[in-house]
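*Asks:* When you read off a place in the sequence shown, starting at 1, and then add 140, the result is the number in my numbering. We treat Cβ as the ideally placed atom computed from N, Cα and C, and that holds for glycine. Below is one structure. I have some questions about it.
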Amino acid sequence: MFRSSYVYAASFVTSIALITGLNPAAISGQDSAAAEGEALFQARCAECHSDEQSGRTPTRFSLNSMTPRAIVAALRDGGVMDREGASMTDPERITLAEHLTGRAFSAELVPDDAYCSDRGPAPLDLDRVRWMGYGGDLEGTGFQPEARAGLSADEVPELELLWAFGFPGASQVRTKPTVAGDVLLVGDQFGGVYALEARTGCVRWTFEAESGVRGAIPVAEDAQGRSIAYVVDARTTAYALDTATGDVLWRTRVGWHPESNNTGSATVADGKLIIPISTMGEVVAAVSPTYECCTSSGAVAALDVETGDLAWYHRVIQEPAVEAATNAVGTQLWAPSGAPVWSSPTVDLARGRVYAGSGENLSRPTNATSDAILSIRLDDGELDWVFQATEGDAFTMACTTRAQQNCPAPPGPDVDFGMSPMIVERSDGTEVLVAGQKSGTVWGLDPDDGGAVLWSTQIGKGGVLGGIHWGMATDGRYAYAANADRGQTTVDINPEMEWSPGIFAIDLFTGAVVWETPTPEGVCNGRRGCYRANSAAPTLIPGVLFAGGLDGYMRAYDTETGEIIWEMDTVRDWETVNGVPARGGAIDGPGPVIADGIVYVNSGYSTFSQMPGNVLLAFSVPDR
């Protein structure tokens with residue numbers, strides 16, 4: 141059923157321990173519990189889940205992304221690891237699960253009084269879907285017409301807080317709400333899925349996935365007329381939920397590799413659930429010099445929405461990884477690998493294509509499908525064409541360490557396509573595929589000519605966390621790019637450019653910059669983990685662009701001039717409708733959702749040393 145049965149107490153300590161290899165007890169001082177958990181891991185799990193088991197079983201980093209209940213369930217009778225857990229007591233299973241995840245195994249996901257009076261499963265109103273998916277439409281535009289937005293440009297300066305919802309134990313909020321009728325669906329970093337009442341924020345029902353839910357939750361009616369919500373978790377397990385009964389109709393693990401991850405949003409089109417697959421597990425696992433980096437590949441997969449059966453699986457790197465070299469400590473390395481698909485696929489129904497952006501290689505030699513835009517056939521998953529923007533880019537988290545023992549030599553600039561491409565109809569009826577890259581480049585491509593470059597525009601220096609990081613938006617007149625440029629590079633590929641964090645409006649015909657508004661200065665004074673940059677994807681309504689900053693501000697810009705017409709500092713403690721203590725932080729990842737007069741804003745993003753937070757904020761015009 142939807143009702144979940146635990147809450148989380150997040151711990152950054154264990155995550156650091158898993159990445160660095162340090163004993164969690166030494167970091168936290170919790171000697172007894174940590175020592176017992178580590179002893180259980182070494183006795184029961186280490187043989188198969190150590191770094192040396194590269195490419196065969198999940199590493200500790202991947203286990204860390206799971207929920208405590210999922211690990212305990214796997215070790216209990218009937219679980220996938222019940223043989224290994226058969227001789228363990230339930231308290232031992234719980235101790236091990238808490239040690240691996242850094243979160244407490246307990247009873248409730250949210251307090252009982254956070255639920256609506258009419259709590260429980262209920263079919264979604266699919267005739268009133270106001271926002272769904274990462275970009276709000278299949279084309280990925282991030283544009284919301286006024287009829288669905290329920291908000292005009294003149295009303296934006298009047299926006300005030302309607303309610304706030306706190307995610308238990310979270311340090312980042314990155315799932316873009318889906319709005320269907322008077323219900324919104326949103327997930328959290330630990331696998332919780334919440335159906336909230338749009339006007340009040342009370343909880344209708346909850347569901348627990350096996351690991352974190354990072355992307356938006358698409359909804360659709362199935363062949364039997366049921367309203368279905370499709371959830372994809374960080375371990376690439378997809379679930380079809382009957383929202384009327386709470387039943388899981390099917391579940392399918394999509395990723396072929398033990399370290400496969402999902403970081404983007406799935407989408408529903410042509411009877412298929414289309415899922416992006418990244419390689420985050422190996423990007424991080426490579427920090428350990430004994431990890432055999434790397435054998436995974438990014439991918440785009442399609443499941444039959446009725447059955448969960450695999451329709452097709454497009455592996456970005458077609459050839460398998462083979463032995464390549466050894467690193468400084470003698471660990472075997474593999475290639476080609478990487479080219480993750482971090483972002484959400486864009487669907488072009490007219491051409492029968494799925495467009496996806498890929499990331500950097502994780503080892504050398506590199507290949508021709510990394511740092512690229514891929515055009516994949518919707519019917520069978522075969523490659524139509526590929527546009528590679530940057531050749532020879534290879535990078536892992538090992539490149540950020542002092543020893544760099546598992547860093548591809550030489551390290552690449554890490555300038556992948558982290559955003560969803562946008563298919564845009566211009567004023568003359570022609571279409572252009574627009575994509576922003578972490579290099580600080582915005583590309584205009586011809587979807588009918590094999591991705592030929594129509595124009596390109598350099599708006600920033602770019603870098604590991606710079607350039608266009610999470611997305612853009614378009615109203616058919618301009619493309620609006622959020623440029624991060626927070627002052628960090630591994631390889632400076634644009635030495636002639638200055639750091640230029642801010643918002644840019646770009647002409648869709650020429651690529652010329654029409655206006656730019658720098659991220660305001662001075663806000664970060666005295667704020668730890670605060671950065672002057674725009675990294676999160678923006679969202680549009682007619683006349684107004686909404687964009688969040690790593691400084692914790694949500695701002696609204698006039699689309700004609702770039703003038704800031706409204707702003708809200710979210711870095712504060714918030715009183716929440718569900719009684720969970722909550723605080724705002726950096727705004728990163730997906731843009732806000734605007735539907736039926738409400739602006740929904742995620743606040744908090746602890747990754748990349750940014751300000752943590754755990755709150756979903758809803759703003760509306762007073763007395764509406």
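Does the distance from the CB of VAL663 to the CB of GLY692 come in under 9 Å?
*Replies:* In the sequence shown, the residue the question calls residue 663 occupies position 523. In the sequence shown, the residue the question calls residue 692 occupies position 552. Going by C-beta atoms, VAL663 is nearer than 9 Å to GLY692.
*Asks:* Using the three-state DSSP reduction, which class does ILE608 fall into: helix, strand or coil?
*Replies:* As a working note, residue 608 is residue 468 in the sequence shown. Residue state, collapsed to three classes: coil.
*Asks:* With a cut-off of 8 Å, do at least 3 Cβ pairs link the region 370-385 to the region 431-450?
*Replies:* yes
*Asks:* Since I believe ILE457 is in contact with THR509 (beta carbons under 8 Å), could you give me their beta-carbon distance rounded to a whole number of angstroms?
*Replies:* Against the sequence shown, residue 509 aligns to sequence position 369. Against the sequence shown, residue 457 aligns to sequence position 317. With a Cβ gap of about 6 Å, THR509 and ILE457 count as contacting.
*Asks:* On a Cα-Cα basis, can you pick out the residue from ILE646, HIS397, CYS434 and ASP362 that is closest to ASP765?
*Replies:* There is simply no residue 765 to check, as the chain begins at 141 and stops at 764 in what is shown.
*Asks:* Note down, one range per segment and in chain order, each beta strand (DSSP E) of at least 3 residues found wholly within the region 615-691.
*Replies:* Fully enclosed beta strand (DSSP E) runs of 3 or longer: 618-623, 642-647, 653-658, 679-681 and 684-688.
*Asks:* Who are the Cβ neighbours of VAL319 in its own chain at under 6 Å, not counting the five residues just before and after it?
*Replies:* If you number the sequence shown from 1, residue 319 lands on position 179. For VAL319, where only same-chain residues beyond five positions count, the Cβ hits under 6 Å are ARG270, TRP271 and ALA735.
*Asks:* So is ASP632 buried or exposed if we call it buried at 16+ other beta carbons inside 10 Å?
*Replies:* Sequence index remark: in the sequence shown, residue 632 carries index 492 (1-based). Exposed.
*Asks:* So, with DSSP's three-state summary, where would you put ARG354?
*Replies:* The residue labelled residue 354 in the question sits at position 214 within the sequence shown. ARG354 falls in the coil class under three-state DSSP.
*Asks:* From the DSSP output, which residues share a beta bridge with ILE368?
*Replies:* Position 228 of the sequence shown, counted from the first residue, corresponds to residue 368. Note: ILE368 sits in a beta bridge opposite ALA360 and ASP382.
*Asks:* Across the region 271-291 and the region 645-653, are there enough close Cβ pairs to call them in contact, namely three or more that are closer than 8 Å?
*Replies:* Between the region 271-291 and the region 645-653 there are fewer than three inter-stretch CB-CB distances shorter than 8 Å, so the stretches are not counted as touching.
*Asks:* Considering only the beta carbon of each residue, do GLY332 and LEU249 sit closer than 9 Å?
*Replies:* Counted from its first residue, the sequence shown places residue 332 at position 192. Counted from its first residue, the sequence shown places residue 249 at position 109. Contact: yes.
*Asks:* What does the alpha-carbon distance come out to for the pair GLY352 and GLY327?
*Replies:* Sequence index remark: in the sequence shown, residue 352 carries index 212 (1-based). Sequence index remark: in the sequence shown, residue 327 carries index 187 (1-based). Looking at the two C-alpha atoms, the distance is approximately 8 Å.
*Asks:* Does the beta-carbon of SER257 have 16 or more other beta-carbons within 10 angstroms, so that it is buried, or is it exposed?
*Replies:* For the purposes of this step, residue 257 is identified with residue 117 of the sequence shown, where counting begins at 1. Classification for SER257: exposed.
*Asks:* Keeping to the same chain, check which residues put their C-beta closer than 6 Å to that of ALA468; ignore five residues upstream and five downstream.
*Replies:* Position 328 of the sequence shown holds residue 468. Around ALA468: GLN545.
*Asks:* Measure the alpha-carbon distance for ARG695 versus THR471 and round it to whole angstroms.
*Replies:* By 1-based counting over the sequence shown, the position of residue 695 is 555. By 1-based counting over the sequence shown, the position of residue 471 is 331. Distance between the alpha carbons of ARG695 and THR471 is about 48 Å.
*Asks:* Do you know offhand how far GLY569's Cα is from ASP267's?
*Replies:* In the sequence shown, the residue the question calls residue 569 occupies position 429. In the sequence shown, the residue the question calls residue 267 occupies position 127. Whole-angstrom Cα-Cα distance: 29 Å.
*Asks:* In this structure, how does DSSP classify ALA320 when only helix, strand and coil are distinguished?
*Replies:* Position 180 of the sequence shown, counting from 1, holds the residue named residue 320. Looking at ALA320 - three-state DSSP - the assignment turns out to be strand.
*Asks:* To the nearest angstrom, how far is the alpha carbon of PRO164 from that of PHE181?
*Replies:* Counting from 1 along the sequence shown, the entry for residue 164 is found at position 24. Counting from 1 along the sequence shown, the entry for residue 181 is found at position 41. Annotation note: pLDDT 39 at PRO164 (below 50); position unreliable, coordinate value reported separately. Cα to Cα, PRO164 sits roughly 12 Å from PHE181.
*Asks:* Leaving out the 5 sequence neighbours to the left and right, which residues in its chain are closer than 6 Å to GLY688 when beta-carbon positions are compared?
*Replies:* Mapped onto the sequence shown, residue 688 falls at position 548. Cβ neighbours of GLY688 beyond the five flanking positions: ALA676, MET694 and ILE727.
*Asks:* Does the Cβ of ASN665 have 16 or more other Cβ atoms within 10 Å, making it buried, or fewer, making it exposed?
*Replies:* Looking up residue 665 in the sequence shown gives position 525. With fewer than 16 other Cβ atoms within 10 Å, it is exposed.
*Asks:* Straight-line CA distance for ASP387 to VAL593?
*Replies:* Along the sequence shown, read from residue 1 onward, the residue named residue 387 stands at position 247. Along the sequence shown, read from residue 1 onward, the residue named residue 593 stands at position 453. Computed Cα separation, rounded: 47 Å.
*Asks:* From the DSSP output, which residues share a beta bridge with THR581?
*Replies:* Start at 1 with the first residue of the sequence shown, and residue 581 comes out as number 441. Note: THR581 sits in a beta bridge opposite GLN598.
*Asks:* Based on Cα-Cα distance, which residue from LEU757, ASN674 and MET751 lies nearest to GLY602?
*Replies:* The sequence position of residue 602 within the sequence shown is 462, counting from 1. For GLY602, the nearest C-alpha among the options comes from ASN674.
*Asks:* Any contact of the region 527-541 with the region 577-592, i.e. 3+ C-beta pairs under 8 Å?
*Replies:* yes
*Asks:* Under 9 Å, do PRO261 and THR340 count as touching if we go by C-beta distance?
*Replies:* Working through the sequence shown from its first residue, we reach residue 261 at position 121. Working through the sequence shown from its first residue, we reach residue 340 at position 200. No, they are not a contact pair.
*Asks:* Under the DSSP definition of a beta bridge, which residues are partnered with GLY306?
*Replies:* In the sequence shown, counting from the first residue as 1, residue 306 sits at position 166. DSSP links GLY306 through a beta bridge to VAL755.
*Asks:* Helix, strand or coil for SER483 per DSSP?
*Replies:* Position 343 of the sequence shown holds residue 483. The answer is coil: DSSP assigns SER483 none of H, G, I, E or B.
*Asks:* Taking 9 Å as the threshold (C-beta atoms), are SER743 and VAL755 in contact?
*Replies:* Within the sequence shown, residue 755 is the residue found at index 615, counting from 1. Within the sequence shown, residue 743 is the residue found at index 603, counting from 1. Yes. Within cutoff.
*Asks:* Identify every residue that forms a DSSP beta bridge with ASN401.
*Replies:* The sequence position of residue 401 within the sequence shown is 261, counting from 1. Answer by DSSP bridge pairing, in chain order: SER418.
*Asks:* Please tell me whether MET751 and VAL720 are closer than 9 Å, where the distance is taken between their beta carbons.
*Replies:* Position 611 of the sequence shown, counted from the start, is the residue given in the question as residue 751. Position 580 of the sequence shown, counted from the start, is the residue given in the question as residue 720. No, the Cβ-Cβ distance between MET751 and VAL720 is not below 9 Å.
*Asks:* Which ranges does the alpha helix (DSSP H) cover as unbroken runs of at least 4 residues, wholly within the region 402-473, from first to last along the chain?
*Replies:* Counting only runs of 4+ residues, the alpha helix (DSSP H) found wholly inside the region 402-473 occupies 420-425, in chain order.
*Asks:* What are the boundary residues of the beta strand (DSSP E) that includes THR346?
*Replies:* Position 206 of the sequence shown, counted from the start, is the residue given in the question as residue 346. That run of the beta strand (DSSP E) goes 343-348.
*Asks:* Quick check: what's the CA-CA separation for GLY725 versus ARG223?
*Replies:* Taking the sequence shown and counting its residues from 1, the one referred to as residue 725 is at position 585. Taking the sequence shown and counting its residues from 1, the one referred to as residue 223 is at position 83. Take the alpha-carbon of GLY725 and the one of ARG223: they are about 43 Å apart.
*Asks:* Would you mind sorting SER760 into buried or exposed? The rule is 16 or more other CB atoms within 10 Å of its CB.
*Replies:* Within the sequence shown, numbered from 1, the residue matching residue 760 stands at position 620. Buried, because 16 or more other Cβ atoms sit within 10 Å of the Cβ of SER760.
*Asks:* Using CA coordinates, which residue listed in ALA369, THR229 and TRP396 is at the minimum distance from TRP390?
*Replies:* Locating residue 390 in the sequence shown gives position 250, where the first residue counts as 1. Nearest of ALA369, THR229 and TRP396 to TRP390, Cα basis: ALA369.
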